[in-house]
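Just so we're aligned, residue 77 is where the sequence shown starts under this note's numbering, counting upward by one. Heads up, the beta-carbon is just placed ideally off N, CA and C, and yes, glycines get one too.
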Amino acid sequence: MARTNLRERLPLILVGLLIVLMPALVLVATLEVLFLFGDVDLADLSLLELAELYLVEVVLLTLFAAIVYRLTLRTATSRLPDALDRLDDETDDREARDGDDATGAGDDGTERAATRGDDSA
77 MARTNLRERL PLILVGLLIV LMPALVLVAT LEVLFLFGDV DLADLSLLEL
127 AELYLVEVVL LTLFAAIVYR LTLRTATSRL PDALDRLDDE TDDREARDGD
177 DATGAGDDGT ERAATRGDDS A
């Protein structure tokens, strides 16, 4: 039972860790680039400035994720029903054709033998 709960919660835990750690990783990468180009010195940054940068990263990534989510949701709700309807129509047509083939009725109204892979007649 505990394993099942852990398996169900693992994706949620990973998403939570990504939400917390992604801004920090982006911040570290940004600071590393600035250090390499010599634009920022580590002595110039205080703990408060690093916390402010982290909060700005969190807000920006949250806004970006929310925008991507809304666009994906809008696209899925506007296009998915049409695609599912087309898929249902194609499935119905295919089942109708398969049903006609199974009954032995030909397209021209003549009867023909339905072959099912066995040659016993």
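With fewer than 16 other Cβ atoms inside 10 Å of its own Cβ, Pro157 counts as exposed.
Note on the segment 93-152: there is no whole beta strand (DSSP E) run with a minimum of 3 residues. When Cβ pairs closer than 8 Å are counted between the two stretches, the segment 102-122 is seen not to touch the segment 78-87, the count staying below three. With respect to Glu133, Val102 sits close: the two C-beta atoms are nearer than 7 Å.
When the beta-carbon positions are compared, Val116 and Leu110 come within less than 7 Å of each other. In this structure, the straight-line span from the alpha carbon of Val135 to that of Pro99 is close to 9 Å.
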